[in-house]
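J.: Position 28 of the sequence shown, counted from 1, bears residue number 28 in UniProt numbering, the numbering being contiguous throughout.
Where is the CB? At the ideal position from N, CA and C, for every residue including glycine.
To start, I am sharing the structure in question, which I have written as structure tokens.
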Amino acid sequence: MELKILGHWAGAPMEGGATSSYLIADGDTRLLLDCGSGALSLLQKSNLAQQLDGIVISHMHADHYLDLVPYTSLCFLTQLQGKPWKKIKLYVPEANGKQVLADVDQLLFGNRDRFGMTFDVIAYKPEDALDIGTLRVTFQQTRHPGPCYSPRVTNGTKTLVYTADTGYYDELITHAQHADLLICESTFAYENDMTTDHGHLTGTQAGQIAAQASVHRLILTHFGTSRADQARNWTSAKAAFPGAVDLASTEAVYLI
Numbered sequence: 001m002e003l004k005i006l007g008h009w010a011g012a013p014m015e016g017g018a019t020s021s022y023l024i025a026d027g028d029t030r031l032l033l034d035c036g037s038g039a040l041s042l043l044q045k046s047n048l049a050q051q052l053d054g055i056v057i058s059h060m061h062a063d064h065y066l067d068l069v070p071y072t073s074l075c076f077l078t079q080l081q082g083k084p085w086k087k088i089k090l091y092v093p094e095a096n097g098k099q100v101l102a103d104v105d106q107l108l109f110g111n112r113d114r115f116g117m118t119f120d121v122i123a124y125k126p127e128d129a130l131d132i133g134t135l136r137v138t139f140q141q142t143r144h145p146g147p148c149y150s151p152r153v154t155n156g157t158k159t160l161v162y163t164a165d166t167g168y169y170d171e172l173i174t175h176a177q178h179a180d181l182l183i184c185e186s187t188f189a190y191e192n193d194m195t196t197d198h199g200h201l202t203g204t205q206a207g208q209i210a211a212q213a214s215v216h217r218l219i220l221t222h223f224g225t226s227r228a229d230q231a232r233n234w235t236s237a238k239a240a241f242p243g244a245v246d247l248a249s250t251e252a253v254y255l256i
């Protein structure tokens, strides 16, 4: 299993990067976790935009799904050239995923079902187990405004857990237990009302989760624009977790 980080920024992408989007490869299987702003350009760079077996969206906040919009334009332009388009399976939260896509379609395209033309849209429940190629995906609901779900991805031998957006809670430790790789958000450098009210973590909390879950490797992600905060989060996470700690970076590749 291999991870390629396409996007790791929170809210808005910095130059040359993207917001949340993570590409997992296992044999011939290609799975994208979240599809934030800038993700499609990086997929196109690797000629993978039409080679995905599935896209799983953790929650319907714009920095985690917004590049689904230009994806619909790619579909339209491809078909305009007389080329075939194979719909990609798109998994969205049952609670609000299809409704958000319908609202966006109405506002941007006048209710033309552009998402339905591009994707095979499937609503998942938090208790579902999704089999996508060689990978199985299960979920844990997180502590974040609006329905948000953390995917746990395994090929039967190796396991990756992506926290998505979340505040601290004990069930996340169980969900991440013994993962080979934990991609953990660390939006804020200091614990305060922002972490609680907005449902996000600090580097210290990310390190504590990784340590208590006995994961093998920790990647911090979902950064704001402050480089100083990123450095502080790395130092804080490293103090709490004895294993390897990395700051997510655009197009970094990890063999799991």
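Using three-state DSSP, classify Pro70 as helix, strand or coil.
T.: Looking at Pro70 - three-state DSSP - the assignment turns out to be helix.
J.: Where in the region 63-108 do unbroken runs of the beta strand (DSSP E), each at least 3 residues long, occur, reported from the N-terminal end onward?
T.: Runs of the beta strand (DSSP E) inside the region 63-108: 88-93.
J.: So if DSSP puts Trp9 in a beta bridge, which residue, or which two residues, is it bridged to?
T.: Thr19, Phe223, per the DSSP bridge assignment.
J.: Which of helix, strand or coil does DSSP assign to residue 260?
T.: A question about residue 260 goes unanswered here, because the residues of the chain that appear run from 1 up to 256.
J.: For Leu201, which residues in the same chain have their Cβ closer than 8 Å to its Cβ, ignoring the five residues on either side in sequence?
T.: Only Thr163, Thr166, Gly167, Tyr168, Cys184, Glu185, Ser186, Thr187, Phe188, Thr195, Ile209 meet the Cβ criterion.
J.: Does the count of Cβ pairs from the region 28-45 and the region 238-246 closer than 8 Å reach three?
T.: Output reads no: the region 238-246 does not touch the region 28-45.
J.: What are the start and end residues of the alpha helix (DSSP H) that includes Leu247?
T.: Segment 244-247 is the beta strand (DSSP E) holding Leu247; no alpha helix (DSSP H) there.
J.: Name the two residues that bound the continuous alpha helix (DSSP H) containing Phe115.
T.: Residues 114-118.
J.: When the distance is taken between beta carbons, is Leu135 closer than 8 Å to Asp26?
T.: Yes, they are a contact pair.
J.: Take the Cβ of Cys237 as the centre, count every other Cβ of all protein chains shown within 10 Å, and call the residue buried at 16 or more, exposed below.
T.: Residue identity differs from the one stated: residue 237 is Ala in this sequence, not Cys. Buried.
J.: Taking C-beta to C-beta, are Val215 and His178 nearer than 8 Å?
T.: Yes.
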